[in-house]
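Notes for the one structure printed next.
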Amino acid sequence: MTELRQRLAEPLARSHYADSATASPCQACGSAALESFYELNNVPAHSCLLLPTRKEALAFPRGDLELVFCHDCGFIANARFDIGLNQYSAAYEETQAFSPRFLKFLDEICQDQIARFGLSPGVTALEIGCGKGEFLTRLCELSGCNGIGIDPGYRPERNQSSAAGRMTFIRDLYGPRYAHLQADYVSCRHTLEHIAPVQEFMRLVRETIGNRHYVNVFFELPDMERVLETGVFWDVYYEHCTYFTRGSLARLFRAQGFDIQRLYKAYDGQYLMIEATPVNGPTTASLPQEDDLGSTAMLVKNFTREVNNRLEELAAAAEGWRKSGKTVAIWGSGSKCVSLLSSLQLDDVLGAIVDINPHKHGKFLAGSGWEIQGPDALTALRPDAVIIMNSIYTEEIRHELATRGLQPQLLPL
Ligand SMILES: [Zn+2]
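Straight run, no breaks: the sequence shown in this note's numbering ends on number 435.
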């Protein structure tokens, strides 16, 4: 969520990628050894931006996906990403903080970061791309530290925290104009995958820290290795213009003057976590999990086949429901849902799309134009099957359904 998306992404995305994707340099390392491996045209340009009417949702701008893989650093990007189609604002509804499972995870990450980096009263934590501020707020509440959050989608009226007096929120995109913000700890969660010029972004983060080598840096983002392995095409969408594995993320950090302290996966292997410290100049790989260039190249080769397998399985399930006159609901209206509906025809069996985030209810999904309803809509619909957009919430959703007297077939993705 940075100003770089506006100031750098546009010229880079257009000038380097517009004409011939595979001849363009890698935005992480500058190499020309890029291979195009997955294409999907005409997908909604946003999946978390909610629309007030079906008409606007159906007419929402669309863009094309073409994933390219860098054989030198392992970085994967959408070569046809057009920053001009992006609009991040307070209408952006990405929060998962209405899920108990997610809040538990958020607390665990906060406690871990506080313990590892000694966050305490008097220390300042900066979060770049803080969204609705859940992570930073919890960090400040639990540790007593001060916080600075930057994000155009921040909503002050939703933050009732007792730590509010120690926090400053800037409703803007991060960029060079905020390089003066001095913090003892820098976090950036689920933001890097929205930024096209990743090398420039990491350079700016490194420059902002300067000679303060005691500053610790923590990034969290989706793990692409799992997506490639399993062909879960609904995890690839337009809003995410860049994709990382542990190795490609570490290589980007190392090249920009960071040493890697910790590199691991979390949240059922869905998220990639990296902890780094600034040093003078590039560093060399030292962790075994960074050594994934060859294995990623193999996964890239097989990705389209895996995607086709997932598509065939889901199309067969839909055909079964269709033939037996069953009604299906989707639980989870985020980006994964928008992406799934872009590739799979479900309109004739789908009865409802529900979400536990009340701020989404009554709004419409870009592309498909489906209205998002609260889970109570299922009480009347009584669906025969429920597609769960993220399997990590299966037990939580099973419980929610049971409290409404429902025991449909569950299809966790
Ligand atoms: Zn590269």
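Virtual Cβ for every residue (Gly too), placed ideally from N, Cα, C. Keep in mind that this is a model prediction, so the values were computed, not measured.
query, result
"In the DSSP assignment, what residue or residues form a beta bridge with Asn168?", "Thr146"
"Does ligand 1 have a heavy atom nearer than 7 Å to the CB of Asp257?", "no"
"Taking 7 Å as the cut-off, is the beta-carbon of Ala272 closer than that to any non-hydrogen atom of ligand 1?", "no"
"Go to Glu297, then tell me how far its beta strand (DSSP E) extends in each direction, as first and last residue.", "Tyr293 to Pro300"
"Checking 8 Å against the spacing of the C-beta atoms, do Ser121 and Phe157 come in under that value?", "no"
"Could you have a look at Asp134 and say whether DSSP puts it in helix, strand or coil?", "helix"
"Go ahead and label His262 buried or exposed: buried means 16 or more other beta carbons lie within 10 angstroms of its beta carbon, across all protein chains shown.", "buried"
"Anything with a beta carbon under 6 Å from a heavy atom of ligand 1 counts; list them all in chain order.", "Cys48, Ala50, Cys51, Ser53, Cys92, Asp94, Cys95 and Phe97"
"Using CA atoms only, rank isn't needed, just tell me which of Ile150, Ile375 and Ser390 is closest to Pro198.", "Ile150"
"Buried or exposed: where does Pro304 fall if 16 or more other Cβ atoms within 10 Å of its Cβ makes it buried?", "exposed"
"Following the continuous beta strand (DSSP E) through Trp353, name the residue where it begins and the one where it ends.", "Val350 to Trp353"
"Helix, strand or coil for Asp86, going by three-state DSSP, please let me know.", "strand"
"Go to Met189, then tell me how far its beta strand (DSSP E) extends in each direction, as first and last residue.", "Met189 to Ile192"
"For Arg284, which residues does DSSP report across the bridge?", "Glu297"
"Would you tell me roughly how many angstroms separate the C-alpha atoms of Arg284 and Ala298, rounded to the nearest one?", "7 Å"
"Since Val237 and Pro300 are thought to touch, with beta carbons under 8 Å apart, how far apart are those beta carbons, to the nearest angstrom?", "6 Å"
"Going by DSSP, what residue range makes up the alpha helix (DSSP H) through Ser270?", "Arg268 to Ala277"
"Measuring CB atoms only, is the stretch 324-333 touching the stretch 272-283, in the sense that at least three cross pairs come out at less than 8 Å?", "no"
"Does the beta carbon of Arg123 come closer than 8 Å to any beta carbon on chain B?", "In the structure shown, chain B does not exist; there is a single protein chain."
"In angstroms with no decimal places, state the Cα-to-Cα distance between Met411 and Ala186.", "33 Å"
"Just to confirm before moving on: does the CB-CB distance between Leu62 and Pro83 stay below 8 Å?", "no"
"Can you grab the Cα-Cα spacing for the pair Ala340 / Gln429, in whole Å?", "19 Å"
"For Gly427, I'd like the list of residues in its chain whose CB is within less than 7 Å of its CB, leaving aside the five on either flank, ordered along the chain.", "none"
"Throw me the rounded Cβ distance for the Lys382 and Leu72 pair, which I believe falls under 8 Å.", "6 Å"
"Counting only the same chain and skipping the five closest in sequence on each side, list residues whose C-beta sits under 6 Å from that of Lys358.", "Trp256 and Met411"
"Could you name the residues that DSSP lists as bridge partners for Pro244?", "Tyr293"
"Once DSSP output is grouped into helix, strand and coil, what is the label at Phe97?", "coil"
"On a CA-only basis, which of Thr252, Val408, Pro380 and Trp392 is nearest Thr117? Give me that one, please.", "Pro380"
"Which one of Asn324, Gln395, Ile170 and Thr326 has the shortest CA to CA distance from Gly356?", "Gln395"
"Which of the three DSSP states is assigned to Asn238 in this structure?", "strand"
"May I have the straight-line CA-CA distance separating Gly96 from Cys48, to the nearest angstrom?", "10 Å"
"Using three-state DSSP, classify Glu61 as helix, strand or coil.", "strand"
"Does the distance from the CB of Glu328 to the CB of Thr416 come in under 8 Å?", "no"
"Can you tell me which of the three DSSP states Tyr259 falls into?", "coil"
"Taking 8 Å as the cut-off, decide whether the C-beta atoms of Ala67 and Asp94 are in contact.", "no"
"Using the C-alpha atoms, what's the distance from Phe124 back to Ala351?", "22 Å"
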